[in-house]
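A.B. asks:
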Amino acid sequence: MQVQSSQSISVRTSEDVVAVRQLVRKGSLLLGFTIVDQTKIVTASSELARNLLIYGGGGVAIVEIVQNGGRSGLRLTFEDQGPGIPDIELALRDGYSSGTGMGLGLGGAKRLSHDFEIDSAPGKGTRVSIVRWKAL
Amino acid sequence: MGEFLLVTIQVDMHDRLAMSLQDDLTAQIVRHTARGVLIDISALEMVDSFIGRMLSNIANMARLLDAETVVVGMRPSVAITLVELGMPMRGIRTALDVEKGMTALKIALQGDPSTDAGSVVPID
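Read top to bottom, the protein sequences are chains A and B.
First residue of the first sequence: 34, per my numbering; consecutive thereafter.
First residue of the second sequence: 8, per my numbering; consecutive thereafter.
(1) From what residue to what residue does the beta strand (DSSP E) around G106(A) run?
(2) Which of the residues in the region 65-89 of chain A, read from start to end, lie with their CB under 7 Å from any CB of chain B?
(3) For T101(B), would you say it is in contact with chain A, using Cβ-to-Cβ distances shorter than 8 Å as the test?
(4) Taking all protein chains shown into account, do 16 or more other C-beta atoms lie within 10 angstroms of the C-beta of V161(A), making it buried, or fewer, making it exposed?
(5) State yes or no: is the beta carbon of I46(B) nearer than 8 Å to at least one beta carbon in chain A?
(6) Nearest chain B C-beta to S47(A) closer than 8 Å, yes or no?
(7) Grab me the residues of A66(B)'s own chain with a C-beta within less than 6 Å of its C-beta, minus the 5 sequence neighbours each way, in chain order.
(8) Quick test of your reading: G117(A) and S153(A), contact by CB under 8 Å. State the CB separation rounded to the nearest angstrom.
(9) If R239(A) and I74(A) are in contact, beta carbons under 8 Å, what's the gap, nearest whole angstrom?
(10) Could you check where the alpha helix (DSSP H) with L12(B) kicks off and where it finishes?
(11) Tell me, please, whether the CB atom of I16(B) is closer than 8 Å to any CB atom in chain A?
(12) Residues of chain B with CB closer than 9 Å to the CB of V96(A), please, in chain order.
(13) If the criterion is Cβ atoms closer than 8 Å, does the pair S56(B) and G141(A) meet it?
(14) Indicate the three-state DSSP secondary structure (helix, strand or coil) for E52(B) in the structure shown.
(15) Looking at chain A, is there any beta carbon in it that lies within less than 8 Å of the beta carbon of F11(B)?
(16) Which residues in chain E have a C-beta closer than 7 Å to the C-beta of D127(A)? List them in chain order.
Listed below in structure tokens is the structure:
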């Protein structure tokens, strides 16, 4: 996978979550995503940016335009140095929440993306990466 | 007495703003003795789980305060995304636009003598 451009935002407040949404929208417009694709990736970014804030105690969101074998897409990475997730499978389950949310964030973001990767361990923070590819 | 409140959400709201809208709106329902609330979300390009939950909360709180809520103007892309997200917004009454929402409210409150559906109070 080739990275064409990369921008990052520090997420510390709920206003920063809005800034992440706006940056992701900009990227998806640049790539010429359909309205539905734009809405899906922006919504996924909002869920994951909020997770950074609520569960990770803040972190960084990285928005990248990537290419792979002639396909282009938007890759979003969310990293925090928070407490980490002890049971990832459980955290991905709908309705499971250790905080105040709906418990839809992780599972929902996964459904709204094409590729989904998560790396987390107790005490080591969490890194979630998603990609949505442009429809050919 | 028995007015309808019209709330038009025009900005990409951060979470604290969404919470304050929820609080303000419940206060306004009581202040205006409103029987109906129309929430126009046609300007919203995205509804995530937080905003979805806020809309649900408003509908539930309004019901406890004897008012019906109709969410109007949801974009098709937002509807598709909400279902895929896992938030089908069950229990929320919707209409395609404000006019249809007004009709839905009038029907919901039909036969209730305290309702004067003629007046609409817009809320900023």
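Every residue gets a Cβ at the ideal spot worked out from N, C-alpha and C, and that includes glycine.
Since this is a predicted model, take the numbers as computed values, not measurements.
C.D. replies: On the basis of the coordinates in this document:
(1) Residue mapping note: residue 106(A) aligns to position 73 of the first sequence, counting from 1. Taken as a continuous stretch (DSSP letters only), the beta strand (DSSP E) holding G106(A) covers 104-113.
(2) The residues in question are I68, V69, T72, K73, V75, T76, S79, E80, R83.
(3) On the second sequence, position 94 is the one that residue 101(B) refers to. The C-beta of T101(B) comes no closer than 8 Å to any C-beta of chain A.
(4) Within the first sequence, numbered from 1, the residue matching residue 161(A) stands at position 128. By the 16-neighbour rule on beta-carbons within 10 angstroms, V161(A) is buried.
(5) Residue 46(B) sits at position 39 when you count from the first residue of the second sequence. It does not: the Cβ of I46(B) has no partner Cβ on chain A nearer than 8 Å.
(6) Translated into the one-based positions of the first sequence, residue 47(A) becomes position 14. Yes, S47(A) lies at the interface with chain B (some Cβ there is under 8 Å from its Cβ).
(7) For the purposes of this step, residue 66(B) is taken as the residue at position 59 of the second sequence. Excluding positions up to five away in sequence, the list reads T76, I99.
(8) If you number the first sequence from 1, residue 117(A) lands on position 84. If you number the first sequence from 1, residue 153(A) lands on position 120. Contact holds; Cβ gap of about 5 Å.
(9) This structure cannot speak to residue 239(A), because chain A is shown only from 34 to 169.
(10) Working through the second sequence from its first residue, we reach residue 12(B) at position 5. Segment 11-15 is the beta strand (DSSP E) holding L12(B); no alpha helix (DSSP H) there.
(11) Taking the first residue of the second sequence as 1, we reach residue 16(B) at position 9. Not one chain A Cβ lies under 8 Å of I16(B).
(12) What you label residue 96(A) is simply residue 63 of the first sequence in a count that begins at 1. Under the 9 Å cutoff, chain B gives no residues; its nearest Cβ is about 15 Å from V96(A).
(13) As a working mapping, residue 56(B) is identified with position 49 in the second sequence. As a working mapping, residue 141(A) is identified with position 108 in the first sequence. Yes; because the gap between Cβ atoms is below 8 Å, this pair is in contact.
(14) Numbered from its first residue, the second sequence carries residue 52(B) at position 45. The three-state reading of DSSP puts E52(B) in coil, since its state is none of H, G, I, E or B.
(15) As a position in the second sequence, residue 11(B) is number 4, starting the count at 1. Answer no: the Cβ-Cβ gap between F11(B) and chain A never drops below 8 Å.
(16) Of the chains in the structure shown, none is chain E; the protein chains are A and B.
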